[in-house]
Every structure is written in C-alpha cells, then in structure tokens.
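K.L.:
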C-alpha cells in the first residue's frame, strides 16, 4: 500500500536531487567534451573561441560541484516542473490523491530548495506569480503491471523556448526527419545553453509527438532506441548535430549535444 505522505516525501526528495546533481553519464560526457576542447587548445592556442568553450565547460563542472556540496540548484532557472505518472493495476491511490501528494511534494521542494519562483497564474495579462511553481505539467499513463512510477523533470525555459513542432508530409523520409531535427538545433544555436540533450518524438498527433519528445529525455544517457533502425537514426542525427560546431555556449567546438 502506498500512502500519500510517502509520495509527497519522495517527490520532494527527487526534485531537490534533480536540481542539485546530474546523472553520472552526463557528467562523464561533459568531462569528455572538456578533454576534446583541451586538445583543440593545445593545437591552436590562439583560438579564442576554443578557449571560451573550454572555460565554459570548466565552469559547468565546477558549478556542479558547488551545487552538490552546498545543496543549492545547479542553475538559477529551476524551470517548470514536469511529471510523467505511470499508474499500474496495483496502485491503491486515486488520481486525485496522487496529484495532491505530487503538488505538496513540489511545494516542499520549492520552499526548501532555493528554487526560483517562475510560474504565473496566467501567462499574458496579470501574470501573478503563484510563489509555488505550481501548477506542474502532468502526463498520465497506464501500465499493465506494477503500482506507481512518477518521473520528474525540471524544464528550464532557455531550452524549452527553443523547442519546435514540425508537421512533415506522410511521405517524409528518414533523411527528412534527420534534417528537420538538425535544422531546429542549428536555428537555436547557443540559446538553449549547449551542450544539450535532444529529445525527438515522431508520429501521432501534434501534441502527442511533443509529449513523446519529452518522454525521450527520461531515457538514460547513452541508451540507444531498442529498434536498431531508430538507434541508427539517433546516432546519425547526433553526428550531424555535432558537425554544426555550435559548441558549448555557442562558442564553437565539437560537442553541441550530449
């Protein structure tokens, strides 16, 4: 049996952890990117863009250490909170009880974790700050086994505002999809604070494709798509994005996406 208080505590704990630490695989890829840019500096010490790129990567890694040591967010933009909730047949809680516990856990994390209060009650006119970063964006999904899984993301709007939906013709090819994704990244350039992680959703309705792109961001870094055809498309897309040479912060370099 799951108690709502347990959901509240786990949500609050997970959000604090998400704001202060990166998964190990992402940190390793940042370190690898720094090693690549260090090689560029050695081969061309007059390249100011390479120097700026390297300094930015060093600052990111140093900032991560400070955030974890001091228990503060790694980025001033703690974003809007997104929750993907998978409910299985063994879950004893109603949707209402789950969402109430979720919101309480979010409010706890915002109050105790130095989160920037970024959410307004309506987006255009009064723009009154809710002071709690609520409401969250919640996606519900039913699964065939298990009880309850809540996946959480702090979605900053530097990257969110660079997201796009493109409606391709039904005849679109693999290369059309690849080019579309690369063009979106190229247009965004340094705005989403690269190096970035790119989530792509294909198929369904406009809103469902966007949802799939969000779900893709929950996949562990380095884990390929289970379908070999899509895994190959992912690899080719990443290579094409790196060839843009946008680099960390848009200063140039061989690593634009992680």
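In the numbering used here, the protein residues as written are 34 to 291.
Yeah, the Cβ is synthetic: ideal placement off N, Cα and C, and Gly gets one too.
Among residues of its own chain, excluding the 5 on either side of residue 69, which ones have a beta-carbon nearer than 8 angstroms to its beta-carbon?
P.N.:
Residue mapping note: residue 69 aligns to position 36 of the chain shown, counting from 1. Same-chain partners within the cutoff: 286, 287 and 288.
K.L.:
Mind checking whether residue 251 and residue 180 have CB atoms under 8 angstroms apart?
P.N.:
As a first step, residue 251 is located in the chain shown; it is residue number 218 there, counting from the start. As a first step, residue 180 is located in the chain shown; it is residue number 147 there, counting from the start. Not a contact, by the Cβ cut-off of 8 angstroms.
K.L.:
Measure how close the beta-carbons of residue 120 and residue 175 come, nearest whole angstrom, since I'm counting them as under 8 angstroms.
P.N.:
Looking up residue 120 in the chain shown gives position 87. Looking up residue 175 in the chain shown gives position 142. Residue 120 to residue 175, Cβ: 6 angstroms. Contact.
K.L.:
Classify residue 5 as buried or exposed, calling it buried when 16 or more other Cβ atoms lie within 10 Å of its own Cβ.
P.N.:
Shown here, the chain extends from 34 to 291; a query on residue 5 therefore has no answer.
K.L.:
Per DSSP, which residues does residue 192 bridge with? Please list them.
P.N.:
Counting from one through the chain shown, the residue named residue 192 turns up at place 159. Beta-bridge pairing links residue 192 to no other residue.
K.L.:
Curious, which full-length beta strand (DSSP E) runs of at least 3 residues does the stretch 130-199 contain?
P.N.:
Listed in chain order, they are 170-175 and 181-188.
K.L.:
Ignore the nearest five residues each way along the sequence and tell me which others in residue 290's own chain have a CB closer than 8 angstroms to its CB.
P.N.:
For the purposes of this step, residue 290 is taken as residue 257 along the chain shown, with counting starting at 1. Contacts found: 218, 227, 228, 229, 230, 231, 271, 274 and 275.
K.L.:
Does the stretch 95-102 come close enough to the stretch 141-148 that 3 or more CB-CB pairs lie under 8 angstroms?
P.N.:
Judged by Cβ distances under 8 angstroms, the stretch 141-148 makes no contact with the stretch 95-102, as fewer than three pairs qualify.
K.L.:
How about residue 254 and residue 246: do their beta carbons lie closer than 8 angstroms?
P.N.:
As a first step, residue 254 is located in the chain shown; it is residue number 221 there, counting from the start. As a first step, residue 246 is located in the chain shown; it is residue number 213 there, counting from the start. Not a contact, by the Cβ cut-off of 8 angstroms.
K.L.:
Beta strand (DSSP E) containing residue 110: first to last residue?
P.N.:
Walking along the chain shown from the start, residue 110 turns up at place 77. Counting along the chain, residue 110 falls outside any beta strand (DSSP E), and DSSP gives it neither H nor E.
K.L.:
Considering just the uninterrupted stretch of the alpha helix (DSSP H) at residue 239, what are its terminal residues?
P.N.:
By 1-based counting over the chain shown, the position of residue 239 is 206. Residue 239 -> alpha helix (DSSP H) spans 239-249.
K.L.:
How far does the alpha helix (DSSP H) with residue 39 in it reach, from first residue to last?
P.N.:
As a first step, residue 39 is located in the chain shown; it is residue number 6 there, counting from the start. It spans 37-53 - the alpha helix (DSSP H) in which residue 39 sits, taken as one unbroken run.
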